[in-house]
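Note sheet for the following structure.
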Amino acid sequence: MKTFKSLSVLCALLACCAVLSGCLSHWCIDSSTRLQVENKSSKTIVGIDIVSEDGSEYVPWIQDTIRPGEKSRVYEEDWVGTFNVRFRIVEKTTIGCACDNVPDGMYASCVCPVLRSDALIARDVKFEGGSEYVVITDSKEGHGLRYEFK
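Residues in the sequence shown are numbered from 59 upward in steps of one, following the numbering used here.
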């Protein structure tokens, strides 16, 4: 009888340990990623997506506008692994266009504002859970953007 009680207590302790080990692993291993973006570029970020390897499919992650000089709020998703991340960008630029209200026979050179969209793809970004902070800056050449995860 005493052996049966000892065996029952041992089984109960093992069962508790097995149940608690699953709960405790969530305390130690983060299964979601939190991302904050700082935009130090001259362009406006209008969204961040997780993109498939061939670029044909994507899942939106952040769908807010992050203007030059701003930091985003922290966004949390269940992204753990290696991904391609697309930063969708727009910038204001100007083009030559037809002018309104110009008298006949007169020539005028006008400039019209337009928005130009672009994207920066960060390939093979590893999200291991926890907090990530990325800074977007203009490239030194001035033609594109750079990203740095900190």
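In this text, a Cβ means the ideal position worked out from N, Cα and C, and glycines have one as well.
| Asked | Found |
| --- | --- |
| Classification of T91 by the beta-carbon crowding that lies within 10 angstroms, buried from 16 upward | buried |
| Spatial distance of T140 from C168 (CA atoms) | 48 Å |
| Under 9 Å between C-beta atoms of F145 and I108 | no |
| Euclidean distance between Cα positions of G188 and P171 | 41 Å |
| Cβ neighbour criterion (16 or more within 10 Å) applied to E115 | exposed |
| CA-to-CA distance, K101 to D176, given in whole angstroms | 10 Å |
| Boundaries of the beta strand (DSSP E) in which R131 is found, first to last residue | That residue, R131, is in no beta strand (DSSP E); it is neither H nor E in DSSP. |
| Backbone secondary structure at S90 - three-state DSSP | coil |
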